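To convert, note that position 192 of the sequence shown is 267 in my numbering; the numbers rise steadily by one, no gaps. Cβ atoms here follow ideal geometry from the backbone N, Cα and C, with glycine treated the same way. Here the structure is a predicted model, which is why all the values come from computation and not from measurement.
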Amino acid sequence: MAGGGSTAGSGAPPQAGVLEGANPIAYAPSNPIALFIIQASTIHAHDMLPAIIVILFCQLLHYPLRLLNQPRVIAEVIGGILLGPSVMMRIPGFKETIFPAESMPVFSNVANLGLLIFLFLIALEVDIRLFTQNWKAALSVGLAGMILPFGLGYAIAWGIYHQFPIAEESISFGVFGLFIGTALAITAFPVLCRILSELNLLRSNVGVTVLAAGIGNDVTGWVLLALCVALTNNSSGLAALWALLCCIGWTLFLVFVVRPPFIWVLGRTGSLQNGPTQGMVALTMLMVLASAWFTGIIGVHPIFGAFLVGLICPHDGGFAIKLTEKIEDLISVLFLPLYFALSGLNTNLGLLKDGITWGYIVGIIACAFAGKIAGGTLAARANRLLWRESFTIGCLMSCKGLVELIVLNIGLQAGILSETTFSMFIVMALVTTVATTPLTKALYPPWYQKKVEKWRRGEIDWDGNPIDHSETGQGGLPQKPVESQIRRLMVHLRLDSLPSLFTFITLLSPETVLASAPVDATAEDPSKSNESQIRKKPLEVHGLRVIELTDRTSSVMHLTEGEDFYSLRDPVVNAFRTFSQLHDVAVSGRVAVVPADSYAETLMAQASEVSSDFALIPWGEYGSVSEDQAFPVATSTSERFRSTTHLEFIAQTLAKAAATCNAGIFIDNGFGGITKPADHHRPELSRTKSAAALSIRSYRPEPAALPVLNKSHHLFLPFLGGPDDRVAIRLVLQLARNQHVTASIVRVKWPTTTTTTTTTTTTTEGGGATTPSSSTGTDPKADSNNASTTITNNNARQEQEDEVFFSTMQASLPAELASRVVFSEADISSSSSSGSSSSAAAAALAEIVVLAQKTVGRQPKNAGDVVVLGRKNARFGAADGAGGGGGDGSGSSGVSGWGPDLKSTVGPVAERLITAGIKASLLVVQAGGRKGSSDY
C-alpha cells in the first residue's frame, strides 16, 4: 500500500538507462554525473571530444591563439564566454538542455573545488627566497606597480559606482573602491611565469626583476582581496576587524605551529628528498581543505586558506615542484576549465550596449595600462635598468590573466560587482593579457637582448661597433694567441650518451705525469717537495644538460626556483662532473630548462659564453631531441636517423655553430666498448610478488660484464679538403696523443679532368685574374664560361691549399706519434674522370666506404673505432645541401626507411657511411667561428 503509493507517485528510474528510453542528458539529483560529463566535455573539448557542436568553438579558437603565442588561459576564457549568454545561450533551448538551473550547484561545487586546489598551486609557485634575494628591486617595482594603478582604480571607481547599479545596495563606496583598486593593481604571477619562460627571459635582468616584484605583488593582492571580502561579508566594521584578526591569527598558527611539524614529518618519510609519498599528498590536501574551511567560516573567502597552505610548503629538495607534478594535470585538464566556463556563463557582453559603458571600458583599460606601465617603468629605471628594459618590465607587470578572473568572480559572488560591471572588467582582463606578449616582443626583441648582452660584456659599444681586444686583454695585458688544440670543450649532456661522452673526454684530456713516490703528508711545505705531482694545462669541459620546458606548472617552477639550484643536484650533471674531476679535467656543468625549439640557441649561447674551442653534440640513441628516462623503446637504425625534429635540431645547432665555434656531431656505435643491443630487441620481463611489493625485472639475468681488455681505438679520417677537414685532422692528431689511439689519415685525391688542367695552368700563369674583367659586356655564353672557369679556379686553388696543408701536417708529425699515425693517399678510379662531377662524387663516396670498411671495425673486441670526417666539401657542390639522393650520384637517400633530410644535415659523406652500415662511430666535424679558418 505504501509501496504502491510510492510507485505511483514517483516511479523508479529506468535501470537500463537509454535502453529503456531515458534521456541521457536529463538532470537527476541522484545521478548528476551523466549531465556533468556532458557539461565538462563541452568545456574541454580537446580531451573528451564528443560529437557536440560546441567542440568546434574550442578547436577553432585554440589554433589561432597558439600561433599568436597567447597563453592557454585566453582560449579557455573566451571559450567560456562563447558558451555563456553572450553567444551560445542565445540559441533557444541551449541553456535549459546543457546547463539547467538544477544542475548548476553540482557544477559550481566541482569548479570551486578545482579553484581551491589551483590557488594552492599558485602559492606553491611563489618562492619567497626569490623576493628576499632581490628585495630592493622587487620592493620598489612591486610597490610602484601597485600604488599608482590602485589610485587610478579608486578614482575611476567613483564614476562606475554612481553610473552603474551595484548588486548589493549595502556595499559602500569605500569597499567598492578598495575592490576596484585591487583588481587594477593585481598581477597574474602564474601567467607571467609562462610568458617569461616562452620568451626566454627568466634569466635576464627583466625576468628576475619581474618575478621578484610579481611575488610581492601577488601576496599583497590576495591580502587586499581578503580585506575586501571580510568587509563585504560582515555587516559592521567591528565584525570585519574580528574576521581580519582571526585571519592573521590563523596565518601565524600555520607558520609557527603547523609548518615545523609538517616539515619534520616530510623529512622522516623521505618526502623532501624523494618527493611526497601518497600519505603526504593526502595530508597536504587535508591541510588545504581544512584551511579553506576555516577562512570560509570566519568571513574570508576559502581560497585564501588554500593559498596560505601553499605558502608554508617547503621548497627544499624540490618538494614543491614534485608535489605540483602529482596534482597539476588533473586540475589544469578538468577542474580549472570548468571554473573558466562558469566565469563565462556569468559574462554577458550583450549588456555592454551603449557609448557610456564602452567609454568606461576604455577608461578602465587605460588606467590598468597607464598605472602599471608608468609605475613599473619609473621604479625599474630608478634601479639603473635601461629605458627599454624598464618599459618591458612595466608592460609585463600589467598582465592580468586568470588571477584577475578569480578576483572578479569573487567580487561578483560577494555582490560587489553587478553583471554589467563584471563583464566590463572581463573585457579589461582579456585586453591586458592578450597585449602583454606582443608588447614585450616589440619592446624587448631578441636582437636587442643580444646587443645589450654584448654591450655589457664589453664586446661592442652602444652603437653596435665591435671593440677590438685582439692586441690587449683585460688590464692592458696581451692576450694569448689562439691555440690549435682544443682547450675548452662544450658538451651537450644527454643521459643516453654519457658512456660515449666519457670515453671521448678521456681520450681528449692530456695525460698527467705522476710522481714516482707519494708526497709526504707530514711535510711542513709539501709544495716545495720534488715529489709533487706535475700537471699539464688541464682541459676545460663545460657540460650543459637541456631539459624541455613544457606548459606544465612544475616545468616553469624549475626555472623560477633557479637553474643553478638544480645544476648542483642533477644526477646527470653530477655524474659528468665527478667523472671529469677524477680524470684531471677542469669541469663545469649546469642545467637549462628551455622550450624544445630553443635547444640549439641555448647550446650555442653556452658555447659562446665559455669561449669554447669545440662544441660536441651527441646524436640521440633513440633519435629523439628530448631525453626519455623511462624504459627505452627499441628503435631500428633507420628510425634513429629518420626523426624530423631531431634532424632539425642538429641542423639548427650546426647553423648557429658556424658563427660561434667548431662543432662536431658524435654518432655513437659501440664507442667505449659497450655492446649495442640488436635492433628491436626487447628484453622479456617477469613479475615477482612478495608480501611487501610487486617487482618487475628482466627475465634473463644479465651477467657481469668483463672489463675491456683491448682499450685501443682506431681513428680513420678521409681527407677531402676544405675548412671542415682541416679542423678534423687537427682533432685527430690531438686525440692520437693518447697512447690507446691509432689513426689512419687518407687523402682522397679527386680525378683531374681536361678542364681542370687547363684552368690550373691558366691560374698559374696569371691569366685568370684578367679574364673576368675583360669579358665584361660580352655575350651570355662567354659569361657562363667565365663563371664556370671561376668555380674551377676556386676548386684548383683549394686543392693546392689542401695539398700544402696535408703535406705540412705529415711533415710536422711529432716523433712520438709516428708509430701510431699513418698518412697515405688514395686516388679515385680514373674511369670517373671522363664523366661529370656527380659521377666523380659518387666514385669518391664509394672509395671512402671501401677504405672505411678496410680500416675500422676490424677488431670487434676493442674499445671502439671512430670515423672522423668533415661535414661539407665544395667538391660535392649541390650535393651538400640536397635533400634527395641526386647530387653525389650515390642514391643512398632514396633507400627505404631513411629520411631525405639526413644528407643535408650531416653531409653526403657521413650519410653514405651511415647507410653503408659502417661498424664504427662517426664524428662529423664542422668549422666555425674565428677558429674555423684554414689556419686552425
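For the alpha helix (DSSP H) containing residue i, list its first residue and its last residue.
| i | result |
| --- | --- |
| M565 | Element bounds for M565: not the alpha helix (DSSP H) but the beta strand (DSSP E), R563 to L568. |
| A232 | W210 to Q238 |
| Y674 | Y674 to E684 |
| S418 | L411 to L420 |
| Y435 | G430 to A457 |
| P983 | P983 to A991 |
| P513 | E494 to L518 |
| P160 | No alpha helix (DSSP H) holds P160; DSSP gives it neither H nor E. |
| E891 | E891 -> no alpha helix (DSSP H), and no H or E assigned at all. |
| H721 | T719 to A732 |
| C268 | F264 to E273 |
| Q488 | G476 to Q488 |
| R463 | W462 to M472 |
| P574 | L573 to L583 |
| D202 | It is not in any alpha helix (DSSP H) - D202 carries neither H nor E in the DSSP assignment. |
| F254 | F248 to A260 |
Could you please give me the residues that DSSP links to residue i through a beta bridge?
| i | result |
| --- | --- |
| E615 | R563 and A661 |
| F741 | P693 and L998 |
| V816 | H788 |
| G154 | None; G154 has no bridge partner. |
| E177 | Paired residue(s): none; E177 is not in a bridge. |
| G945 | V1000 |
| F794 | R822 |
| E623 | V669 |
| I535 | P541 |
Following the continuous beta strand (DSSP E) through residue i, name the residue where it begins and the one where it ends.
| i | result |
| --- | --- |
| D902 | V896 to D902 |
Straight-line CA distance for residue i to residue j?
| i | j | result |
| --- | --- | --- |
| I542 | C474 | 39 Å |
| L302 | L140 | 36 Å |
| K824 | D536 | 47 Å |
| H721 | A927 | 26 Å |
| T838 | C736 | The predicted model places T838 with a pLDDT of 35, which falls under 50 and marks its position as unreliable, so this point remains unresolved. |
| A1013 | A871 | Given that the chain is displayed from residue 76 to residue 1011, the structure contains no residue 1013 and the question cannot be resolved. |
| L460 | G354 | 47 Å |
| W530 | K516 | 20 Å |
| D877 | P798 | 9 Å |
| N1012 | F379 | No answer is possible for residue 1012: it lies beyond the span of the chain, which begins at 76 and ends at 1011. |
| I692 | V821 | 25 Å |
| F239 | T495 | 8 Å |
| V816 | A198 | 56 Å |
| L329 | L313 | 24 Å |
| G486 | L492 | 6 Å |
| C322 | F369 | 9 Å |
| A734 | P265 | 36 Å |
| A1002 | M499 | 59 Å |
| R717 | T930 | 27 Å |
| S105 | T508 | For S105, the predicted model reports a pLDDT of 46, less than 50, meaning its position is unreliable; a value from the coordinates is still stated below. Going by the C-alpha atoms only, they are around 41 Å apart. |
| E676 | H567 | 12 Å |
| V700 | G324 | 51 Å |
| I73 | G476 | Given a span of 76 to 1011 for the chain in the structure shown, any question on residue 73 remains unanswerable. |
| S787 | A732 | 31 Å |
Between residue i and residue j, is the Cβ-Cβ spacing less than 8 Å?
| i | j | result |
| --- | --- | --- |
| F651 | L573 | yes |
| P224 | K447 | yes |
| H376 | V298 | no |
| V666 | I622 | yes |
| N948 | V669 | no |
| I431 | V506 | no |
| L570 | V647 | yes |
| E464 | V281 | yes |
| S385 | L196 | The displayed chain sequence assigns Gly, not Ser, to residue 385. Yes, they are a contact pair. |
| I373 | A318 | yes |
| V802 | V1000 | yes |
Does chain D have any CB closer than 8 Å to the CB of residue i?
| i | result |
| --- | --- |
| N484 | No chain D is part of this structure, which consists of one protein chain only. |
- Task: Note down, one range per segment and in chain order, each alpha helix (DSSP H) of at least 4 residues found wholly within the stretch 314–377.
- Result: For the stretch 314–377, the full-length alpha helix (DSSP H) segments reaching 4 residues or more read 334–343, 346–349 and 353–372 along the chain.
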